[in-house]
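K.L.:
So the sequence shown is numbered by full-length UniProt numbering: it starts at 1 and just counts up by one.
We put the CB at the ideal spot given by N, CA and C, even for glycine.
Treat the numbers as computed from the prediction; the structure is a model and nothing was measured.
My questions will all concern the structure given below.
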Amino acid sequence: MARLEEKGTTHEKMWIRIQPSNDHLTYDSYALGYGNNKNKYSCDSFKILRCRKHYDSVRVMECELYDLNTDSWRLLAEDAQSNLTVSLGWRITSCGVSLKGNTYWVACGRHKYHDSQFLLRFDFKGERFERFSLPYGGYIGTMYLSVVREEKLAVLLDRPNFDSSREMKIWVTDTKIIVCSRLKSIISLTLLEI
Numbered sequence: 001m002a003r004l005e006e007k008g009t010t011h012e013k014m015w016i017r018i019q020p021s022n023d024h025l026t027y028d029s030y031a032l033g034y035g036n037n038k039n040k041y042s043c044d045s046f047k048i049l050r051c052r053k054h055y056d057s058v059r060v061m062e063c064e065l066y067d068l069n070t071d072s073w074r075l076l077a078e079d080a081q082s083n084l085t086v087s088l089g090w091r092i093t094s095c096g097v098s099l100k101g102n103t104y105w106v107a108c109g110r111h112k113y114h115d116s117q118f119l120l121r122f123d124f125k126g127e128r129f130e131r132f133s134l135p136y137g138g139y140i141g142t143m144y145l146s147v148v149r150e151e152k153l154a155v156l157l158d159r160p161n162f163d164s165s166r167e168m169k170i171w172v173t174d175t176k177i178i179v180c181s182r183l184k185s186i187i188s189l190t191l192l193e194i
C-alpha cells in the first residue's frame, strides 16, 4: 500500500493480489460494491466479487469476495449461489451495472426447450445472488441495463418479430427499492425493416 498526503488529504493506493488460474480455459468477471449501507462510501465497506468460470471437462463456477477491510479473498458460501442452479446451466450475458452498492447483470438460463433471460443481482450486504424474472417472460432478445439518475434500474429489450420487424421495449423500476416485479414499461416501439 502506498500513502500520499497533500494539503490535509490522505490518498492511499492499494494493490490487490489475484491468484492466477492454472486452468486452460478460464473466464473471470469482476464487480465492485459495498455492503454497509450506513456508511456506504467508507473504504472499509467496499468489496470485490470475482466469478471464475472453468471450462475443463466440466463447467464450474467459483465466486470469491475480496474485502478491503480484511485485505483478503474468500470463497463465497455455497448457499449464496444455491438459487442459481438451473437444470442445464446459466451464464451472464451482459456487463454489470452498479446501483446502491449492488451489481446487476442480464443472465440467460438454459431450459429444456428454449433459453430465457433474467436479471441477476449480487447483494454485497447479504453476500448472495438473487434472480429476478423479467416482465415479458424472458424470451431471448438483446438486452441492455442502465442506471437512471443513480436511483433506478432501466432495462432495454431489442428483439426481432416473426414479420421481420423489430420490437424495442424499455422498463424502469418505479421504486427506489429494486424489486424487478415492479418494472414498468415506459416505451414500446415496433421498428419495420424497409
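According to DSSP, what are the bridge partners of T103?
P.N.:
Partner(s): S98, F122.
K.L.:
Please name the residue or residues paired with M143 in a DSSP beta bridge.
P.N.:
L157
K.L.:
Can you give me the Cβ contacts of F118 inside the same chain, cut-off strictly under 7 Å, excluding the 5 residues immediately before and after it?
P.N.:
A107, G109, R131, F132, S133, L134, G138
K.L.:
If we ignore side chains and look at the alpha-carbon of each, how far apart do S94 and E64 end up?
P.N.:
20 Å
K.L.:
Taking the C-alpha atoms as reference points, what is the distance between V148 and G35?
P.N.:
21 Å
K.L.:
According to the Cβ coordinates, are Y104 and R121 closer than 7 Å?
P.N.:
yes
K.L.:
Less than 7 Å separating the beta-carbons of M143 and L153?
P.N.:
no
K.L.:
Applying the criterion that 16 or more other CB atoms from any shown protein chain within 10 Å of the CB defines a buried residue, is L75 buried or exposed?
P.N.:
exposed
K.L.:
Note down the Cα distance separating Y66 from V155, rounded to an integer number of angstroms.
P.N.:
29 Å
K.L.:
Less than 7 Å separating the beta-carbons of L49 and A77?
P.N.:
no
K.L.:
Would F124 and K53 qualify as a contact pair, given that the criterion is a beta-carbon distance under 7 Å?
P.N.:
No. Outside cutoff.
K.L.:
What's the C-alpha gap between W15 and T173?
P.N.:
Each residue's CA atom was taken as its position, placing W15 and T173 some 36 Å apart.
K.L.:
Cα separation between N102 and T70?
P.N.:
20 Å
K.L.:
Which residues share a DSSP beta bridge with Q117?
P.N.:
C108
K.L.:
Could you please give me the residues that DSSP links to M14 through a beta bridge?
P.N.:
In DSSP, M14 forms no bridge with anything.
K.L.:
Only counting the same chain, and skipping five residues up and downstream in sequence, which positions put a Cβ closer than 7 Å to that of I92?
P.N.:
S29, W105, A107, L120
K.L.:
Output needed for residue 198: all residues of its chain with C-beta closer than 8 Å, excluding positions within five of it in sequence on either side, in chain order.
P.N.:
No answer is possible for residue 198: it lies beyond the span of the chain, which begins at 1 and ends at 194.
K.L.:
Pick helix, strand or coil for S164, following the three-state DSSP scheme.
P.N.:
coil
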